[in-house]
Amino acid sequence: MNNLSQFKTFTGRLPIQDGLMPVLFIGHGSPMNGIEDNEFSGKWASMAQNIPVPTAVLVVSAHWFTKGTHITAMDSPRTIHDFGGFPQALFDVDYPAPGDPELAAETAGFIHSTPVGLDHDWGLDHGAWTIVRHMYPEANIPVLQLSIDYTKDARYHYELAKELQLLRKKAF
998 MNNLSQFKTF
1008 TGRLPIQDGL
1018 MPVLFIGHGS
1028 PMNGIEDNEF
1038 SGKWASMAQN
1048 IPVPTAVLVV
1058 SAHWFTKGTH
1068 ITAMDSPRTI
1078 HDFGGFPQAL
1088 FDVDYPAPGD
1098 PELAAETAGF
1108 IHSTPVGLDH
1118 DWGLDHGAWT
1128 IVRHMYPEAN
1138 IPVLQLSIDY
1148 TKDARYHYEL
1158 AKELQLLRKK
1168 AF
């Protein structure tokens, strides 16, 4: 049984929580997975087919470290090529998923433990777009990215994640 089948078997036994979207932890591995058709990219595409279509995607990428917590809040986040030494084909990728400034502000409002800055400069780094482009290749679902505050510990980020649970009810 492959991992996706095991995932479906496991989640199929869980109590149904009406209207809640799943939370996925997906590592991108090599940035090349963003342009290759391989086992990893195939699993990401398959995952998207086996969950409800979200109204937006919130990504926390280990590639965006900030002082303080920030969320992307622009209409059209740029595709960031934050790597080096890879073929030009990887640098040529543009994943033009829309952003959603209003949703970013609403998401920031869910968080009461810390101020959340609305960022208009970052975009989508390769920790986000290499995966999401395989899951939603039409780039028609808004994608927002939340930073990791390098001045805070794991407990801080765990508590922050708990506050974001409200987003699951929005089919985010």
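Just so you know, we're using the numbering used here here: the sequence shown kicks off at 998 and counts up by one.
Ideal Cβ placement from N, Cα and C applies to all residues, glycine included.
Under 8 angstroms by Cβ, that's how I've got Asp1146 and Thr1066 pegged, so tell me the actual separation to the nearest angstrom. With 8 angstroms as the limit, Asp1146 and Thr1066 qualify as a contact, their Cβ atoms being about 5 angstroms apart.
Kindly indicate the opening and closing residues of the beta strand (DSSP E) around Leu1141. It spans Val1140 to Asp1146 - the beta strand (DSSP E) in which Leu1141 sits, taken as one unbroken run.
In its own chain, which residues sit with a C-beta less than 8 angstroms from the C-beta of Gly1096, not counting the 5 before and 5 after it? Taken in chain order, the residues that qualify are Thr1069, Ala1070, Met1071, Asp1072, Ser1073, Pro1074, Pro1139, Val1140 and Leu1141.
Just tell me which of Ile1108, Gly1114 and Tyr1092 has its CA closest to the CA of Tyr1153. When only C-alpha atoms are compared, the closest one is Ile1108.
Residue burial classification, Pro1019 (beta-carbon count within 10 angstroms, cutoff 16): Pro1019 should be labelled exposed.
I'd like the span of the beta strand (DSSP E) that includes Ile1178, first residue to last. There is no way to answer for residue 1178, as the model of the chain reaches only from 998 to 1169.
Three-state class that DSSP yields for Trp1061 in the structure shown: Reduced to three states, the DSSP call for Trp1061 is strand.
Do Ile1048 and Leu1087 come within 7 angstroms of each other at the CB atom, strictly closer than that value? Their beta carbons are not under 7 angstroms apart, which means Leu1087 does not touch Ile1048 by this criterion.
Go to Leu1115, then tell me how far its beta strand (DSSP E) extends in each direction, as first and last residue. Note, Leu1115: beta strand (DSSP E), Val1113 to Asp1116.
To which residues of the same chain is Leu1157 closer than 8 angstroms at the C-beta, ignoring the five residues directly before and after it? Same-chain partners within the cutoff: Thr1066, Ile1108, Ser1110 and Thr1111.
Bounding residues of the alpha helix (DSSP H) (the contiguous stretch that carries Pro1093): Neither: Pro1093 is in no alpha helix (DSSP H) and is coded neither H nor E.
Where Asp1091 and His1131 are concerned, what is the direct C-alpha to C-alpha distance, given to the nearest angstrom? The alpha-carbon of Asp1091 is positioned some 13 angstroms away from that of His1131.
So Gly1026 is in the alpha helix (DSSP H); what residue range does that whole segment cover? Per DSSP, Gly1026 is not a residue of any alpha helix (DSSP H), being assigned neither H nor E.
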